[in-house]
Amino acid sequence: MEQQMRLQKFMALCGVASRRKCEEMILSGKIQINDRIVDTLGVKINPSKDQVKVNGKTIKIEQTKAYIMINKPRGYVSTLSDQFNRKTVIELIEGSITQRLYPVGRLDYDTEGLLLMTNDGDFTYAITHPKHHIDKTYIATVKGIPTLATIKKLRQGVEIENYSTSPAKVQVIKIMNASSQLKITIYEGKNRQVRKMCAAMGHPVIALKRIAIGDVQLGNLPLGKWRHLNQQEITKLVEGKEG
3 MEQQMRLQKF MALCGVASRR KCEEMILSGK IQINDRIVDT LGVKINPSKD
53 QVKVNGKTIK IEQTKAYIMI NKPRGYVSTL SDQFNRKTVI ELIEGSITQR
103 LYPVGRLDYD TEGLLLMTND GDFTYAITHP KHHIDKTYIA TVKGIPTLAT
153 IKKLRQGVEI ENYSTSPAKV QVIKIMNASS QLKITIYEGK NRQVRKMCAA
203 MGHPVIALKR IAIGDVQLGN LPLGKWRHLN QQEITKLVEG KEG
């Protein structure tokens, strides 16, 4: 009997994204099996016979796993392609990596700093699922000089749109004439969360850089460059999760 596998599990093993994100991609009609669009869950495939495409590109399970970090510049999107023809992070590693890698989570177009990429779906799940509480640390340059009361509010949680942010670690690390630098650590990672938190408190972000994910630091990696994660860093990220 031929081995069958759920489509979302196959996609995750190919490194596309976490299983939950893969399910969302299936429902949005971005997946084809043997050139037929699939938009319902529960479908099973035969990995050795069926051809699966994501956004028109064939995927397969990579035998060799790869884990890298990029110091993403501003002006790049952290996706594989972009409908507006903006530069993508894939361009930063083209010609250097033989495996087909995918971003682990996202980093905003206007934000620079640490972005992880891999072809390991389980690794992606371990880093991105909210229940695992993986910290993300940023340096935010904001307009104005926050008061102690403002810093306390940022630490406790801020009302943004229809939700309140979870407690964050916030400290002022530099004060300039009309701006300040804050070190902010969160684990939620909602869309543009740090920018929205600061804006809600009357201190819009001028520049934003992610410097750490969990215990893994960006360090002195030059802007626009990449390197492989070492085994210790991979282990820290996977075993350092909570929940």
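Each position in the sequence shown, counted from 1, maps to that position plus 2 in my numbering. Each residue gets a CB set at the ideal place from its N, CA and C atoms; glycine is no exception. Remember, predicted model here, so these are calculated numbers, not experimental data.
Buried or exposed for residue i, please, with buried defined as at least 16 other CB atoms from any protein chain shown within 10 angstroms of its CB.
i      : result
Ala151 : exposed
Tyr69  : buried
Lys59  : exposed
Phe86  : exposed
Asn73  : buried
Asn179 : exposed
Ile177 : exposed
Leu239 : buried
Gly31  : exposed
Thr167 : buried
Glu93  : exposed
Ile39  : exposed
Thr113 : buried
Gly115 : buried
Where does residue i fall in DSSP's three states?
i      : result
Tyr127 : helix
Val196 : helix
Gln6   : coil
Met178 : coil
Glu161 : strand
Val45  : coil
Lys323 : The question about residue 323 has no answer, for the chain in this structure spans 3 to 245.
Arg76  : coil
Arg88  : coil
Leu109 : coil
Ala151 : helix
Leu184 : strand
Leu231 : coil
Leu220 : coil
Gly245 : Low confidence applies to Gly245: its pLDDT is 41, below 50, so where it sits in the model is not reliable, and the reading given next is rough at best. Correct three-state label for Gly245: coil.
I think residue i touches residue j, with their Cβ atoms under 8 Å apart; what is that distance to the nearest whole Å?
i      : j      : result
Met119 : Tyr104 : 6 Å
Arg157 : Val172 : 5 Å
Lys89  : Tyr78  : 5 Å
Cys200 : Ala142 : 6 Å
Asp110 : Arg194 : 6 Å
Ser20  : Thr130 : 6 Å
Please state if the CB of residue j and the CB of residue i are separated by a distance shorter than 8 Å.
i      : j      : result
Val144 : Ser182 : yes
Ala214 : Leu223 : no
Thr187 : Ala209 : no
In the DSSP assignment, what residue or residues form a beta bridge with residue i?
i      : result
Tyr104 : Thr120
Ile28  : According to DSSP, Ile28 bridges with nothing at all.
Say the cut is 7 Å; is the CB of residue i nearer than that to a heavy atom of the ligand FAD?
i     : result
Arg22 : No copy of the ligand FAD occurs in the structure displayed, which carries no ligand at all.
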